[in-house]
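Structure first, commentary second.
In UniProt numbering, the protein residues as written are 1 to 259.
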């Protein structure tokens with residue numbers, strides 16, 4: 001079989017629409033205190049409810065990382081912990097809790113709930129998270145990939161896409177389930193290993209504030225994101241054949257191990 005012949009020489013060592021909003025005060029010093037909008041008492045920006053009982057909006061000097069309690073922008077996020085923090089915030093600001101409150105409080109709760117969801121969408125995806133960090137540091141990303149001249153990298157990506165094409169054809173044939181499962185698992189492992197390699201490199205560039213290299217790394221990572229999506233888009237075809245897939249239930253595999 002063509003793919004099985006190629007898979008042996010495919011080296012394993014190679015490894016949601018969103019609103020990317022930048023705070024108008026992202027680069028400014030963080031505000032520590034503010035006045036309660038209702039009683040005008042001076043309160044901490046970490047306080048979401050004043051002693052007078054009124055709900056407070058997020059500080060305008062905060063960015064998405066601040067919402068979830070991160071001390072600074074980072075690529076190292078545990079997605080399970082991020083989800084837990086999101087649920088905790090949503091419980092505090094859910095609009096249903098303010099149906100009998102004032103118009104001002106209902107507006108604040110609705111706005112903050114939207115901000116929480118926007119922030120989670122951006123931070124839960126490693127590519128949009130990296131793009132957001134670059135934006136916060138005055139180096140916004142273009143939606144278009146940076147030109148990549150690494151021919152070895154481009155060849156690897158081209159071959160991987162060809163293997164996905166072959167797999168898509170195989171699943172439509174009478175190929176045995178065990179063979180399809182084995183081929184899918186092998187190809188997905190290769191793509192994820194390469195994705196992990198590019199992710200590690202991107203994280204190192206951001207840690208070093210090497211923004212030019214980070215732009216290049218984001219473009220490289222996008223190639224493997226597209227490969228992952230192509231494989232995940234085959235899920236219905238595999239399900240029809242009763243074939244198990246290595247993807248998680250959300251269809252997205254992110255860096256939940258980065259804690």
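Just so you know, even glycine gets a beta-carbon here, dropped at the ideal spot from N, CA and C.
Distance, Cα to Cα, residue i vs residue j?
i           : j           : result
residue 242 : residue 64  : 41 Å
residue 50  : residue 70  : 22 Å
residue 32  : residue 237 : 53 Å
residue 205 : residue 161 : 27 Å
residue 210 : residue 81  : 27 Å
residue 246 : residue 159 : 21 Å
residue 97  : residue 103 : 13 Å
residue 231 : residue 239 : 13 Å
residue 67  : residue 124 : 13 Å
residue 194 : residue 44  : 44 Å
residue 22  : residue 61  : With a pLDDT of 39 at residue 22, under the threshold of 50, the modelled position of this residue cannot be trusted; read the value that follows with caution. Straight-line Cα distance between these residues: approximately 11 Å.
residue 27  : residue 140 : Because residue 27 sits at a pLDDT of 40, beneath the cut-off of 50, its placement in the model cannot be relied upon, and the point is left open.
residue 174 : residue 157 : 28 Å
residue 135 : residue 144 : 15 Å
residue 180 : residue 170 : 7 Å
residue 95  : residue 35  : 23 Å
Determine the DSSP secondary structure at residue i, reduced to helix, strand or coil.
i           : result
residue 49  : strand
residue 165 : helix
residue 44  : strand
residue 99  : coil
residue 55  : strand
residue 113 : helix
residue 263 : Any property of residue 263 remains undetermined from this structure, which presents the chain solely from 1 to 259.
residue 140 : coil
residue 236 : helix
residue 60  : coil
residue 126 : helix
residue 74  : coil
residue 25  : Unreliable placement is indicated for residue 25, whose pLDDT of 38 sits below 50; the coordinate value is still reported in the next sentence. In the structure shown, residue 25 sits in coil (DSSP, three-state: anything other than H, G, I, E or B).
Since residue i and residue j are thought to touch, with beta carbons under 8 Å apart, how far apart are those beta carbons, to the nearest angstrom?
i           : j           : result
residue 152 : residue 202 : About 18 Å; that fails the 8 Å criterion.
residue 114 : residue 122 : About 13 Å separates the two Cβ atoms, so there is no contact after all.
residue 133 : residue 219 : No, residue 133 and residue 219 are not in contact; Cβ-Cβ is about 15 Å, not under 8 Å.
residue 57  : residue 116 : That belief does not hold up - the Cβ atoms of residue 57 and residue 116 are roughly 12 Å apart, past 8 Å.
Over what stretch of residues does the beta strand (DSSP E) that includes residue i continue unbroken?
i          : result
residue 33 : 33 to 35
Starting from residue i, follow the alpha helix (DSSP H) in both directions and report where the run begins and ends.
i           : result
residue 149 : Per DSSP, residue 149 belongs to no alpha helix (DSSP H) and is neither H nor E.
residue 211 : 211 to 232
residue 93  : 79 to 93
residue 191 : 177 to 207
residue 174 : Neither: residue 174 is in no alpha helix (DSSP H) and is coded neither H nor E.
residue 65  : 64 to 67
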